[in-house]
Amino acid sequence: MHEMNPTYEPEAVEADWYERWEAAGVFRPEYRPDGEPFAVVIPPPNVTGVLHMGHGLNHTIHDVVIRRKRMQGYAALWLPGTDHAGIATQNVVERELANEGLTRHDLGREAFVEQVWEWRRKYGARITSQIRRMGSSCDWTRERFTMDEGLSVAVREVFVTLYEEGLVYRGNRIINWCPRCETALSDIEVEHVEELGTLTHIRYPLTDGSGEIVVATTRPETMLGDTGVAVHPDDERYRHMIGRTVTLPLVGREIPIVADDWADPEFGSGAVKVTPAHDANDFEVGQRHGLEPVVVLDTRGVVNENGGRFAGLDRFEARTAIQQALEKEGFLVKVEDHRHSVGRCYRCDSVVEPYLSDQWFVAVTDLARPAIDAVKDDENVFIPKRWENTYFHWMENLRDWTISRQIWWGHRIPAWYCPDGHITVSRIDPTSCATCASPTIAQDPDVLDTWFSSALFPFSTLGWPEQTADLARYYPNAVLITGFDIIFFWVARMMKMGIHFMGEVPFRQTIIHGLVRDANGEKMSKSKGNTIDPIDVANEYGADPLRLALIQAANPGQDVPLDMEWVAGARRFGNKLWNATRFALRHVEPGSVPADGGYPEDPGPVDAWILQRLGEVAADFDTLCDEYRFSDAFGRLYSFAWSEVFDWYLEMAKTMLDQSSSANATRQTLGVVIRDLLKLFHPAMPYLTEELWQHVVGDGLIAGADWPVVPRVDGPDGMGDIQDLIAGIRRFRAEQGISPRQPLTLKVAPAVDGWAADVITKLGAADLSAIDTAPESGHTRIVAGSLQGFIALDGVIDLEAERSRIDKAIMSAEQDLLKVERKLANAAFMDKAPDDIVAKERSKQAEFEGLLAKLREQRNTL
RNA sequence: GGGCCCUUAGCUCAGGGGGAGAGCGCUUCCCUGACACGGAAGAGGUCGUUGGUUCAAAUCCAACAGGGCCCACCA
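Okay, so the first sequence: first residue is 442 according to the numbering used here, each after it adds one.
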């Protein structure tokens, strides 16, 4: 084995292990042919996208889960894939075209779609190579894409089946329309933001000239499409007007005043204009009263020919123009500020229009019921559980899902129309109308919502609708790991589709993680400019340090603040682990540590102590990981490694290695402890641990190694007291300003010898002699539990400083004692507190009294 | 309008009825045989406020204050 560099260099370590792992087939579940299946699918990122820190966190959690399961012997499958991301991808390519002064319409549908495929060929590998760079152990032989042939078959099968079941239908409804993207959106693709707008009060004169009615609206431009005015049937102010008509200002249309409960007498004037084509509520009011919808905006949000003299104006220009015209013609009562929420497109941030159009829908209520029950029955469990409430609330209040999109990039809707308007929905492309056999049929131009295909991901990626071996083995998936932001978009829909088509939940547990925030706790966003590129971080600090920094903050449901300082800290840990290994390799023959087992038969006390601790910590770590409490799990492991193994055990081992009687057991212990630390850290820091594994074990790959099984070992009693005594000596030194080089003369009572004496001598830098009782004078006392150390003061001490040190100790002991005594003097406490608590207080009392007595005695001798 | 979460050391956060914790930052000392990307020691907190339950509250309950998030057909 070559000499190791004294410094951990992530860029060197992370260079080529990924290819080795892949070549060895470690990432395939077949690597553990007899293992129980444990499958998880990636939340498929946009095929033309780039990795952001949210992926960084999500993938780190995935990889920690999957690597640990693999080491535990499961047939672990992390199935990777990408999403065609309809609107998002189309927007990107359209923007590119716009740079050349072109629109998609200049190219035509076929050429445009080909252009997007070209884009995908060009950039599709970018995000997957970034996923690899982060060390994610995906099975790339099973990689899928939502538009690949197999998944497209699945999409079509689902659509047609749901249509046949009456759960997919076509309807003319008010939907959300983005005038920028020129497509329908589902309800959850609209983001509502509270904004300051205006409430315009308009005078609508009664046609018979007998008066007027005032309506209030936030969107005066839609008055062009008004076909009625509604008032509440019980509203005394307007009762006499019901059934009469008003003449619509600027337009001249005569429209009726109707009575409808929807009108809220408390709001505005209590009378509401009814625009059935441009407001969902108004549409319903219109239906109840036979008011015709008049569409006044086109697909780009520009006033159409129904807008008379305002035709051709953009909707916002029209708003201003109409307000001015109303004022000029005396119809404007007032305009007041009004806070209300405005819906915006989640892809382009444009203000969304409620828009009447023909669209395809999924009737979701029947699909939702079993998906709700499955979670109620714990067939699927959310972690943290509180997210189930969010899921239930949403699932119980669903409106039908608008699935058609008026874009070109996506799964084309498998519906054809003949000139008579018959609809033919088919698994294979038809050549004639299924109803009238007309050979003149045209396919619906629309495509499906991207989320329609991702809803099928847990089974479509396994080969469905074919009954493949993978489908049988890996469905349901074990878990799904994702952020709360896509519970509605993705999780809920996978539950619905999975149960409907597979008869079983798609995954047993839903692990919800938080958002990555910046060092100040701010949400990362491009507009704020506080985003951090995970690949940049990996290149500067290493992928392993980034992964460790992320996982160390990743408890279920909790946001993860990320500061480059934390990443630098994680790299320092890597350096520490690197050097601890280097130290071990000075005493352990490189490549000599077995991949498993190899624990010493007869460990010395110091070795037994660290082995016991290793076993305890490994057990805790496993429990916490099984609960997905990675922050706690890695926090525990990290502090064990650093504060116990590196700071104490390695230092003590130096002593034990010097002695022929203990050297062999310590060498062996050193080797297995370092090896097991590498294994335990491997899921978080795969590259570094793999590199070190090659030096320590030198056989196979740690990525394919078995998870540690640490035997039960009983450590020696009193290790804590010894550590406290050493710390006390060091504190005495620090407080007295005594150089660490200056040896102190120390007596210890009760007498210690053997390994304990050796360790105290070495780590306390003291010449130690054992005694049975306290020396008469000339010494100061360090109390460490049942141990007392007496340091000879001759010529080493500043008396004043020592008095003040002891005074401080006395004061603190007095306060502790007082607290305990008060408790024990409290009759209610003695009466009602459980016995073990009382006993504990008593022993504390004795402890503090003893300590105080020793300290006072010592103070008197100074 | 409905719901959820948070408030503990300068910062970011653990903890969760019975002696206030970690990391980073800060101060002092030390290049001691792997590591100065290191070691040793230390300073720093009436656990948001007010009530209540309890022998005992940072921890449970209520109200309030501040902060964040989600949902809703808020003309």
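In this text, a Cβ means the ideal position worked out from N, Cα and C, and glycines have one as well. This one's a predicted model, so the numbers in the text were calculated from it and none came from an experiment.
Query: Segment limits, beta strand (DSSP E) that includes K826; Result: No beta strand (DSSP E) holds K826; DSSP gives it neither H nor E.
Query: For F586 and T523, believed in contact at Cβ under 8 Å, the rounded distance; Result: 5 Å
Query: Nearest-angstrom Cα separation, counted from P521 out to M935; Result: 16 Å
Query: Segments of 4+ residues assigned as alpha helix (DSSP H) that fall wholly inside the segment 663-731; Result: 721-730
Query: Endpoints, the beta strand (DSSP E) within which I953 is located; Result: F948 to H954
Query: Classification of Q571 by the beta-carbon crowding that lies within 10 angstroms, buried from 16 upward; Result: buried
Query: First and last residue of the uninterrupted alpha helix (DSSP H) at Y1079; Result: F1071 to S1080
Query: CB contact flag (G1226, D1162, <7 Å); Result: yes
Query: Bridge partners - Q420, DSSP secondary structure assignment; Result: Beyond the ends of the chain as shown, which are 442 and 1303, falls residue 420; an answer cannot be given.
Query: Residues near T659 by beta carbon distance below 8 Å, same chain, minus five either side; Result: G638, T639, L640, T641, H779 and H781
Query: Cβ-based neighbour list, H719, same chain, cut-off 6 Å, excluding 5 preceding and 5 following; Result: T663, G666 and P795
Query: D675 classed as buried or exposed, judged by whether at least 16 other C-beta atoms fall within 10 angstroms; Result: exposed
Query: Option in G749, G939, L492 and L1185 with minimal Cα separation from I1238; Result: L1185
Query: Pick from L1065, M1093, Y1069 and D1067 that is closest to A1049, judged by C-alpha positions; Result: M1093
Query: Where the beta strand (DSSP E) through L640 begins and ends; Result: V631 to P646
Query: Helix, strand or coil at N1020 [DSSP, three-state]; Result: helix
Query: Between the CA atoms of F1014 and I528 - distance to the nearest angstrom; Result: 43 Å
Query: For V776, three-class secondary structure by DSSP; Result: strand
Query: T1107, DSSP secondary structure in three states; Result: helix
Query: Residues that DSSP places opposite P478 in a beta bridge; Result: A516
Query: Residue from L1052, L647 and A1215 with nearest C-alpha to R1153; Result: L1052
Query: Per-residue DSSP class, three states only, for Y604; Result: helix
Query: C-alpha distance - L1240 paired with L1303, whole-angstrom precision; Result: 7 Å
Query: Cβ distance (whole Å) where P734 is taken to contact P717 below 8 Å; Result: 4 Å
Query: Status (buried if at least 16 other CB within 10 Å, exposed otherwise) for L578; Result: The sequence given here places Ser at residue 578; Leu does not occur at that position. S578 is buried by the Cβ-count criterion.
Query: L1129 burial status per 10 Å Cβ neighbour count (16 or more: buried); Result: buried
Query: Counterpart residues of Q800 in DSSP-defined beta bridges; Result: G612
Query: Selected residue, minimal CA-CA separation from K1188, among D701, S1210 and V554; Result: S1210
Query: Residues near A456 in its chain [Cβ-Cβ closer than 7 Å; skip 5 each side]; Result: none
Query: For V776 and C786, believed in contact at Cβ under 8 Å, the rounded distance; Result: That pair is no contact at about 27 Å.
Query: Unbroken alpha helix (DSSP H) run spanning E653, endpoints; Result: Note, E653: premise wrong, no alpha helix (DSSP H); beta strand (DSSP E) at E653 to T658.
Query: Status (buried if at least 16 other CB within 10 Å, exposed otherwise) for M442; Result: Only weak support is given to the placement of M442: the predicted model assigns it a pLDDT of 46, under 50, and the question is left unresolved by the model.
Query: Paired residues, beta bridge with F586 - DSSP; Result: T523
Query: Runs of beta strand (DSSP E) lying entirely within the segment 1184-1268, each at least 3 residues, in chain order; Result: 1185-1190, 1207-1211, 1220-1225 and 1228-1233
Query: Contacts around D841, its chain only, beta-carbon distance under 7 Å, and the 5 residues preceding and following it disregarded; Result: F802, V803, A804 and V805
Query: Reduced DSSP category for G784 - H, G, I as helix; E, B as strand; rest coil; Result: strand
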